[in-house]
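Peer 1: Numbering (this note's numbering), first residue to last: 142 to 829.
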Ligand SMILES: [Zn+2]
């Protein structure tokens with residue numbers, strides 16, 4: 142077997158097992174065996190770089206998206222669906238369809254019922270069988286080009302198999318997070334004191350729009366497709382029904398959710414909806430309803446679409462699950478911004494697949510309007526959101542001595558009087574040195590998504606604040622291992638118990654090393670970590686890319702900020718007022734004095750600048766490499782700790798010479814700097 146044949150075979154095998162695992166959830170081999178196949182392919186591809194192609198499974202994760210996502214126009218608008226919330230509404234839909242098709246009372250329409258996935262809609266474009274673009278739905282007409290992130294979703298093939306897909310093919314579907322992956326992400330966030338994602342849909346949406354594909358790859362996104370654009374048209378594939386479309390998509394190796402079923406007439410539709418309302422918790426992912434479509438494509442054309450929705454489809458929504466339980470007590474929580482929000486402590490109740498012991502209560506006005514009280518029996522609901530909410534009390538079951546609930550007038554943590562700015566519903570503790578705010582703020586600052594200081598978690602922060610060792614974020618950088626050693630660290634476990642242990646010297650040294658390392662973080666991590674209102678992970682990345690330094694950000698006017706792609710007036714205003722606050726300016730000055738990096742060094746565009754085997758070495762790239770772009774080569778060097786410079790000097794470790802190399806190669810020869818051809822360069826980055 143030639144290397145080319147083995148490479149082709151390995152790619153085929155890997156795709157097969159990816160499909161077994163990520164589409165069918167029915168693996169045939171152990172993870173270790175799969176990894177072995179992947180390693181062999183990587184090895185072969187590094188030996189034969191000219192055999193590397195873009196649709197190889199080793200190439201799922203590419204370089205970082207530099208400055209936000211490009212906007213793409215959909216070839217055909219991505220419509221939304223009408224909803225049906227009851228069986229009566231389903232009946233009305235069926236009546237409309239039969240009338241539209243001129244059918245009699247006794248005629249039954251042939252439908253296809255599919256599970257509705259609670260995820261993010263996407264459009265995938267293949268050209269001559271190769272995935273060339275993945276885009277979000279956006280406003281239905283224009284979406285965002287998220288190809289680099291879609292490529293990391295292993296349910297999505299990088300190339301189609303079978304036949305009949307020549308030219309340009311667009312399919313649509315949904316990217317989502319299975320429940321397990323969602324729980325894992327939130328468990329990690331809890332451990333690190335980061336804010337939780339409300340539900341898998343939000344987590345999937347946030348992940349898909351992250352600018353770092355390497356991070357996206359770790360999140361475990363999955364995908365299903367359910368539409369072939371242009372199916373049944375003269376230009377499109379030769380199918381006449383939705384059933385045939387599904388079969389075709391499957392033949393091409395695209396992931397199709399397997400529980401779809403043809404249903405003849407309303408009776409079978411209702412049966413399908415009832416069946417899945419019962420069974421849906423046994424699935425690996427959340428489904429919030431059933432999508433019903435007319436099967437025959439000719440019938441669909443006859444029915445047509447309104448300006449917003451097709452007349453031949455409807456989404457049946459499962460009713461939200463409700464339970465009654467006793468509300469033991471209404472408590473309040475103080476957040477990072479000082480917002481004091483009430484929540485309900487409940488007698489634990491099993492609802493929609495999990496035990497619930499807390500629920501949100503929105504705000505004090507809402508509680509007053511619904512007259513929810515301590516000790517009430519209440520109705521609790523878990524709808525699309527995983528975080529449950531209190532729908533309302535059951536006054537008939539109220540104890541005789543019950544009294545209306547009062548919002549506290551002082552902060553439960555620091556005792557300062559609470560204020561409510563005019564026109565707002567949220568009460569706030571405005572004491573800038575409120576330990577609760579500092580606590581939440583620091584938890585956020587140190588969190589994985591922000592400064593990523595491992596080991597600086599909730600309980601350690603609480604002790605540091607309590608002992609007066611930390612009064613603002615900058616104080617973190619003055620901590621020493623001696624100070625930390627001896628403090629007690631507790632951590633909550635999933636089973637509710639807490640483990641307590643003394644902070645050992647080794648551990649203390651580790652945390653200090655982590656703090657030290659965070660000084661050279663990428664700029665967006667600092668921008669996000671500062672906790673400026675409305676500035677999330679993504680806005681921070683966009684701002685860091687656009688402005689390049691804290692000074693530039695601090696100097697930017699609202700107009701300049703708004704001129705940045707994706708930055709709207711609310712965000713711009715919020716950034717501006719944060720930097721105008723003298724206390725924040727002092728904080729930045731102190732962080733700068735502590736050696737925290739405040740800008741993106743010009744030569745450094747890689748997502749993660751690691752310490753590595755190439756640390757201290759500078760490379761120069763010249764000419765064109767066949768197997769990678771210059772940006773990818775730069776990223777590869779920087780990942781290993783090396784630097785890439787624009788010109789050759791005596792200090793240059795080596796010049797990497799591609800085809801059509803220019804004067805830099807001559808200069809290298811002149812100075813006696815080593816030169817690496819592409820194969821040698823690949824060997825260097827694969828080996829080290
Ligand atoms: Zn307070």
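All C-beta atoms, glycine included, are put in the ideal place defined by N, C-alpha and C. Note that the structure is predicted; figures quoted are calculated from it, not measured.
What span of residues does the beta strand (DSSP E) with residue 457 cover, start to end?
Peer 2: Note, residue 457: beta strand (DSSP E), 454-458.
Peer 1: Compare the C-alpha of residue 450 against each of 224, 413, 155 and 597 and name the closest.
Peer 2: Minimum Cα distance to residue 450 is reached at 224.
Peer 1: In the DSSP assignment, the alpha helix (DSSP H) including residue 406 goes from what residue to what residue?
Peer 2: Start and end: 406-420.
Peer 1: Output needed for residue 292: all residues of its chain with C-beta closer than 6 Å, excluding positions within five of it in sequence on either side, in chain order.
Peer 2: The residues are 201.
Peer 1: Reducing DSSP to helix, strand and coil, say where residue 560 ends up.
Peer 2: If DSSP states are grouped into helix, strand and coil, residue 560 belongs with the strands.
Peer 1: Could you spell out where the beta strand (DSSP E) holding residue 704 opens and where it closes?
Peer 2: Counting along the chain, residue 704 falls outside any beta strand (DSSP E), and DSSP gives it neither H nor E.
Peer 1: Which same chain residues, not among the five before or five after residue 249, have their C-beta less than 6 Å away from its C-beta?
Peer 2: Counting only Cβ-Cβ distances below 6 Å, and skipping sequence neighbours, we find 405 and 406.
Peer 1: Where does residue 821 land, buried or exposed, given buried means 16+ other C-beta within 10 angstroms?
Peer 2: Exposed, because fewer than 16 other Cβ atoms sit within 10 Å of the Cβ of residue 821.
Peer 1: Take the Cβ of residue 243 as the centre, count every other Cβ of all protein chains shown within 10 Å, and call the residue buried at 16 or more, exposed below.
Peer 2: Counting Cβ neighbours within 10 Å, residue 243 comes out exposed, since fewer than 16 surround it.
Peer 1: Three or more beta-carbon pairs under 8 Å between the region 443-460 and the region 486-503, yes or no?
Peer 2: As far as the Cβ criterion goes, the region 443-460 does not touch the region 486-503, which means the pair count is below three.
Peer 1: Does residue 363 come out as helix, strand or coil in the three-state DSSP assignment?
Peer 2: Residue 363: strand per DSSP, three-state reduction.
Peer 1: Taking only heavy atoms of ligand 1 into account, decide whether any of them is closer than 6 Å to the Cβ of residue 603.
Peer 2: Residue 603 Cβ: outside cutoff for every heavy atom of ligand 1.
Peer 1: Could you tell me if residue 776 is buried or exposed, where buried requires 16 or more neighbouring beta carbons within 10 angstroms of its beta carbon?
Peer 2: It counts as buried.
Peer 1: Any idea what DSSP makes of residue 755, helix, strand or coil?
Peer 2: Reduced to three states, the DSSP call for residue 755 is coil.
Peer 1: Below 8 Å, how does it come out for the region 380-395 and the region 298-317: are there three or more Cβ pairs, yes or no?
Peer 2: These segments touch.
Peer 1: Quick one: complete alpha helix (DSSP H) runs, 4+ long, within the region 211-266?
Peer 2: DSSP runs (the alpha helix (DSSP H)) wholly in the region 211-266: 228-241.
Peer 1: Can you tell which of 523, 257, 185 and 624 has its C-alpha closest to the C-alpha of residue 367?
Peer 2: It is 257.
Peer 1: Suppose the cutoff is 8 Å on Cβ atoms and the five residues either side in sequence are ignored; what does the same chain contact list for residue 475 look like?
Peer 2: For residue 475, where only same-chain residues beyond five positions count, the Cβ hits under 8 Å are 481, 552, 553, 554, 570, 575, 577, 578 and 581.
Peer 1: Suppose contacts are defined by Cβ-Cβ distances below 7 Å. Is residue 817 in contact with residue 797 by that definition?
Peer 2: Cβ atoms of residue 817 and residue 797: closer than 7 Å.
Peer 1: Hey, how far is the Cα of residue 623 from the Cα of residue 651?
Peer 2: Straight-line Cα distance between these residues: approximately 12 Å.
Peer 1: Just mark residue 599 as buried or exposed, buried being the case when its beta carbon has 16 or more other beta carbons within 10 Å.
Peer 2: It is buried - the Cβ of residue 599 has at least 16 other Cβ atoms within 10 Å.
Peer 1: Does the distance from the CB of residue 345 to the CB of residue 396 come in under 7 Å?
Peer 2: In this structure, residue 396 does not lie closer than 7 Å to residue 345 by Cβ.
Peer 1: Which runs of the beta strand (DSSP E), 3 residues or longer, sit entirely within the region 514-588?
Peer 2: 518-523, 530-534 and 568-570, all fully within the region 514-588.
Peer 1: For residue 290, which residues from the same chain have a beta carbon less than 6 Å from its beta carbon, with the 5 sequence-adjacent residues on both sides left out?
Peer 2: Taken in chain order, the residues that qualify are 349, 354 and 357.
Peer 1: Between the beta-carbon of residue 261 and the beta-carbon of residue 213, is there less than 7 Å?
Peer 2: No. Outside cutoff.
Peer 1: Under a criterion of Cβ closer than 6 Å to any non-hydrogen atom of ligand 1, which residues qualify, in chain order?
Peer 2: Going along the chain, the residues that qualify are 475, 552, 554, 555, 557, 570, 572, 575 and 577.
Peer 1: Taking only the alpha-carbon atoms, compute the straight-line gap between residue 833 and residue 700 and give it to the nearest angstrom.
Peer 2: Since the displayed the chain opens at 142 and closes at 829, residue 833 lies outside it and no answer follows.
Peer 1: Whose CA, out of 658, 423, 216 and 789, lies closest to the CA of residue 320?
Peer 2: Taking only the C-alpha atoms, the option nearest residue 320 is 423.
Peer 1: According to DSSP, simplified to helix, strand and coil, what is residue 761?
Peer 2: If DSSP states are grouped into helix, strand and coil, residue 761 belongs with the strands.
Peer 1: Can you give me the start and stop residues for the alpha helix (DSSP H) that residue 775 sits inside?
Peer 2: Segment 771-780, the alpha helix (DSSP H) holding residue 775.
Peer 1: Which residues share a DSSP beta bridge with residue 470?
Peer 2: In DSSP, residue 470 forms a bridge with 486.
Peer 1: Look up residue 402 in the DSSP assignment and say whether it is helix, strand or coil.
Peer 2: Three-state result, residue 402: strand.
Peer 1: Is the beta carbon of residue 693 less than 7 Å from the beta carbon of residue 705?
Peer 2: For residue 693 and residue 705, no; Cβs fall outside 7 Å.
Peer 1: Mind listing, in chain order, the continuous beta strand (DSSP E) runs of no fewer than 3 residues lying wholly within the region 296-347?
Peer 2: Complete beta strand (DSSP E) runs here, min 3: 309-317.
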